[in-house]
Amino acid sequence: MIKKLSIIITVLILVAIMCLSFFNFKNNNKVVMNPNEKLNESIKTSITKNDIIDFNKLTNFEWDRMYVITPYGNPEEFLKKNDVKWIQIDTSITMLDDINLIVFTNSGRIINYVNFKRKYGDFSISRSRAFGKNDAIFGVVKKNGWVYLIHK
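Per UniProt numbering, the sequence shown starts with residue 1, numbered consecutively.
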């Protein structure tokens, strides 16, 4: 009787361990989209060389909306409100005030994004905002050691 009970308990423990391992594996293997570092460098270079940045001309991929999410913003909440299908992205925007998150979408799907350091160019917007492809044009204004990106 004790041997039978030991076997049942051992089997239950093994099943529990397998279930926990499966759920842990499933949660740890979410696909996380990484930021586009090449685009990040292109934006920085464009800011240093130009008075105007046209994101439509700066990008080499198809997109229809660009979202600028300000520091401490919740990208998942903001993008879902704008009918964008959320995927996990690698950003610290909710905890940091030294970056803006620039997200490019096409037909409601995230296709590219950049964690853009504000020291290279700070969007002069007070809250997160969306821009159309033909509307994502910003003037570059350098003042008091700071670079401002002013929507045109």
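All C-beta atoms in this analysis are idealised placements derived from N, C-alpha and C, irrespective of residue type, glycine included.
Bear in mind the structure is a predicted one, so any value in this text is a computation, not a measurement.
Can the beta-carbon of residue i be found less than 8 angstroms from the beta-carbon of residue j?
i           : j           : result
residue 207 : residue 113 : In the structure as shown, the chain starts at 1 and stops at 152, and residue 207 therefore has no counterpart that could be examined.
residue 90  : residue 34  : yes
residue 139 : residue 152 : yes
residue 124 : residue 67  : no
residue 52  : residue 147 : no
Taking 8 angstroms as the limit between beta carbons, can you name the residues of its chain near residue i, skipping five residues before and five after?
i           : result
residue 134 : 56
residue 36  : 112, 113 and 114
residue 108 : 83, 84 and 85
residue 94  : 72, 73, 74 and 75
Which residues does DSSP list as the beta-bridge partners of residue i?
i           : result
residue 132 : 65
residue 147 : 142
residue 101 : 69 and 115
residue 106 : 109
What three-state label does DSSP hand residue i in the structure shown?
i           : result
residue 141 : strand
residue 127 : coil
residue 95  : coil
With a CB to CB cut of under 6 angstroms and the five nearest residues on each side skipped, what residues in its chain are close to residue i?
i          : result
residue 54 : 137
residue 40 : 114
Within 10 Å of its beta-carbon, does residue i have 16 or more other beta-carbons around it, so buried, or fewer, so exposed?
i          : result
residue 79 : buried
residue 92 : exposed
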